[in-house]
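Going down the list, the protein sequences come from chains A and B. According to my numbering, the first sequence holds residues 41 to 332 in order. According to my numbering, the second sequence holds residues 110 to 395 in order. Using N, Cα and C, we set each Cβ at its ideal position, and we do this for glycine too. Treat the numbers as computed from the prediction; the structure is a model and nothing was measured. Reading through the structure tokens given below for one structure.
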Amino acid sequence: MTEAVKTVAVVGAGTMGSGIATVVARGGHRTILFDVDEAAVQRGLEFVAGFLAKSVKLGKMTAEDAAGITARTSGTSDLADLAGSDIVIEAVFEDLEVKKDLFARLDDIVSERTLLHTNTSTLSVTAIASGSRHPERVVGTHYCNPAPLMALVELVDGLHTAGWAHEATAEFLGSVGKTACVVKDRPGFILNRFLIPWENSCIDALENGLGTRESIDAAVTGALGHPMGPFRLLDIVGLDVHRQVATRLYEQLKEPRFAPPPMVERMIAAGDLGRKTGRGFYTYDDTKLFGA
Amino acid sequence: MALFEKVAVLGFGTMGSGIAQVVAQSGRTVVVLESEQSRLEAGLAAVEAFLATGVARGKVTEEQKAAVRGRISGTTDLADLADADLVIEAVTERKDIKASVLAQVADVVRPEAVITTNTSAIPVSELATHVTGGSRFAGLHFFNPAPLMRVIEIVRGLSTDADVIARLEAFVGDLGKDPVVVKDRPGFLVNRLFMPYINDVVQAFDDELASAEDIDTAIKLGLGYKMGPLELLDLIGLDVHEHATRGAYEATLDPVFAPPPLLQTMVAAGMRGAKNGRGFRTEQNA
């Protein structure tokens, strides 16, 4: 683990996995993107290539650098190809058993000093680490979406995480240009811990007639300096995603302010999931998330 | 004729000077009432200093600065407020003081003049009972620093005329700000949402979720807020927030407003945040 250039595998080629693979490859490491679905691997590699091409176009990177990064990036749907990895970052479906099972299988493939990073946002790092026979090398690294653009990573030790694993993880995050914030293994870490009750309180205020969606958004952006009001943000996040995260936190914390307010349930029942369905708190002419 | 051509501001402290400046920038004449000449001079100096910063940054010309300054006058004589079309009260945040000043001013200005308070914590409907013709009374809550903050809350008291609210909305728009009409409930809208969030962060910090610096950094980088919650609390003043959230707690008995024990202890220990260099981010916390 003293080599500057490491071999890093990213497991799961969805939005987060592809974004994290981009971060790792751009940081100069040999990058392997794994997914059980070969088509997903290809889409993920295309995402990385597309991001690099855009960076070149915007003058943030030379074509030579981009070519070098592409040459160091590969894909696979065979978990055995991860054998030589220094770090494996999992970004698979947010399900405890799936993540535990993955780490158990990796125990038989990678070295016992290989770092296992989990990108979980709402599950316990300690619980996920229990899937491995070597929980001391499991560390939580929660990236923000879109990973290539967001500097923050929440760095979370599980109950059994070793000091060396924490240090090596902090060093790795620095090598890929991320700012690590150290947080205890508690539901929601820092961001969701504060964002979810905040958004719920805004939804409650709306439902209780303290303001309209427009006036609350205007008040929050204008008086508190947030880049976006809570209802614009919820529409982008998706009401279904908000409900899922809020419900997970509520199940663990048993504090009502984490529970999704009744209005969220009604909107989901009506099919108003936000930007992606054309209607959430606001209505939209198109369902594109960004641009246009 | 412009809406509320002549505006009286009561009190020339931080909020009063910011409000006077904002109103004068819209082309209106402003008269500020203070109890002492020295306070008037301090208020005018604060406006001068704020505008001078604007000139230095190239946002305001010398001519504009002189014009704005020229539209603001100070007085210690209540009678000078007689022809005001709108009164904005911004004196010390104490119920007895506000009630007394408002009662005196209400008897001096014309019966049709609209009277407002910049309170952030006292029920507007209660202050209205001290004003003759309480239906012309409403809240007009500016945020600090008033010249920079885009939003002004217009608080509808239980007996405020709908027409008064409509005219205040137009007035706020004229000032180049966003009017947000809110109910007369503890914290109105912004602080109703903001205080529980800040209390939650303080408690989580006390519970050793993460360091103060990492909490602030995570919130700024992850959510894009201009300031982290703990550096913002330092800036607001620990004592100011503690007083406000305690008031909201007493009014609602809702635990989300209860000042966290660490906050109470820090305030009791004389830690007031950035203004005395002792807060969450200004020194190592025990």
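Per DSSP, cross-strand counterpart(s) of residue i
{"i": "P288/B", "result": "I261/B"}
{"i": "T36/A", "result": "The structure shown does not extend to residue 36/A, since chain A is modelled only from 41 to 332, so the question has no answer here."}
{"i": "K115/B", "result": "T138/B"}
{"i": "I224/B", "result": "V196/B, F246/B"}
{"i": "C221/A", "result": "E194/A"}
{"i": "R177/A", "result": "Answer is none; R177/A lacks a bridge partner."}
{"i": "V128/A", "result": "A49/A, L156/A"}
{"i": "T113/A", "result": "T71/A"}
{"i": "R387/B", "result": "G382/B"}
Integer Cβ distance of residue i from residue j, believed to fall under 8 Å
{"i": "L187/B", "j": "Q213/B", "result": "6 Å"}
{"i": "M258/B", "j": "G262/A", "result": "7 Å"}
{"i": "A319/B", "j": "K224/A", "result": "7 Å"}
{"i": "T219/A", "j": "T326/B", "result": "6 Å"}
{"i": "F234/A", "j": "D309/B", "result": "7 Å"}
{"i": "A310/A", "j": "V289/B", "result": "Incorrect: roughly 27 Å between the Cβ atoms, too far for contact."}
Among the options, the one whose alpha carbon lies nearest that of residue i
{"i": "G296/B", "options": "F159/B, G333/B, H352/B, D325/B", "result": "H352/B"}
{"i": "D216/B", "options": "A193/B, V200/B, R203/B, A230/B", "result": "A193/B"}
{"i": "G346/B", "options": "L284/B, L190/B, Q373/B", "result": "Q373/B"}
{"i": "V304/A", "options": "T158/A, V260/A, G262/A, C242/A", "result": "C242/A"}
{"i": "F314/B", "options": "L156/A, R226/A, E134/A", "result": "R226/A"}
{"i": "N159/A", "options": "E152/A, H174/A, F143/A, A80/A", "result": "F143/A"}
{"i": "V31/A", "options": "W238/A, N185/A, A202/A", "result": "Any answer about residue 31/A is impossible in this case: the structure gives chain A only from 41 up to 332."}
{"i": "T162/A", "options": "N232/A, L250/A, G68/A", "result": "N232/A"}
{"i": "V128/A", "options": "A286/A, G198/A, V150/A", "result": "V150/A"}
{"i": "H239/B", "options": "T225/B, H250/B, A319/B", "result": "T225/B"}
{"i": "A321/B", "options": "L211/B, S126/B, T391/B", "result": "T391/B"}
{"i": "V48/A", "options": "L213/A, L246/A, V64/A", "result": "V64/A"}
{"i": "T116/A", "options": "A131/A, M101/A, I72/A", "result": "I72/A"}
{"i": "E114/B", "options": "R180/B, E150/B, G120/B, A158/B", "result": "R180/B"}
{"i": "A129/B", "options": "R178/B, R387/B, R148/B", "result": "R178/B"}
{"i": "E130/A", "options": "V138/A, L246/A, S215/A", "result": "V138/A"}
{"i": "L119/B", "options": "E221/B, N227/B, K204/B, E157/B", "result": "N227/B"}
{"i": "K384/B", "options": "D348/B, V299/B, F366/B, T184/B", "result": "D348/B"}
{"i": "D118/A", "options": "S58/A, P237/A, V81/A, I236/A", "result": "V81/A"}
{"i": "E247/A", "options": "G318/A, C184/A, P301/A", "result": "P301/A"}
Local conformation of residue i per DSSP, three classes
{"i": "A247/B", "result": "strand"}
{"i": "N394/B", "result": "The predicted model places N394/B with a pLDDT of 46, which falls under 50 and marks its position as unreliable, so this point remains unresolved."}
{"i": "M41/A", "result": "For M41/A, the pLDDT reaches just 49, beneath the cut-off of 50, and the residue's location in the model is therefore unreliable, although a value from the coordinates is still provided. Coil at M41/A, not helix or strand."}
{"i": "S144/B", "result": "coil"}
{"i": "T162/A", "result": "coil"}
{"i": "G382/B", "result": "strand"}
{"i": "L73/A", "result": "strand"}
{"i": "A80/A", "result": "helix"}
{"i": "T269/B", "result": "coil"}
{"i": "R153/A", "result": "coil"}
{"i": "Y183/A", "result": "strand"}
{"i": "R203/B", "result": "coil"}
{"i": "R166/B", "result": "coil"}
{"i": "E230/A", "result": "Residue identity check: residue 230/A is Ile in the sequence provided, not Glu. I230/A: coil per DSSP, three-state reduction."}
{"i": "G314/A", "result": "strand"}
{"i": "G183/B", "result": "strand"}
{"i": "R301/B", "result": "helix"}
{"i": "P370/B", "result": "helix"}
{"i": "K174/B", "result": "helix"}
{"i": "H200/A", "result": "coil"}
{"i": "I60/A", "result": "helix"}
{"i": "P270/A", "result": "helix"}
{"i": "M307/A", "result": "helix"}
{"i": "T252/A", "result": "coil"}
Same chain only: Cβ atoms within 6 Å of residue i, ignoring 5 sequence neighbours per side
{"i": "L267/B", "result": "S234"}
{"i": "M307/A", "result": "L279"}
{"i": "A230/B", "result": "A353, G356"}
{"i": "K174/B", "result": "L160, V164"}
{"i": "G180/A", "result": "T158, V165, V196"}
Residues near residue i in its chain [Cβ-Cβ closer than 7 Å; skip 5 each side]
{"i": "K140/A", "result": "I168, S170, G171"}
{"i": "T110/A", "result": "A89, L92"}
{"i": "L112/B", "result": "R276, A279, F280, D283"}
{"i": "R221/A", "result": "Looking at the sequence provided, one finds Cys at residue 221/A rather than Arg. Hits under 7 Å: L192, E194, L195, I230."}
Beta-carbon proximity list for residue i, same chain, < 8 Å, skipping 5 on both sides
{"i": "V116/B", "result": "V132, R137, T138, V139, V140, A193, D194, L195, V196, I197"}
{"i": "A332/A", "result": "Any reading at A332/A must be qualified, since the residue scores a pLDDT of 35, below 50, and its modelled position is unreliable; no value is offered."}
{"i": "P369/B", "result": "N308, V311, Q312, D315"}
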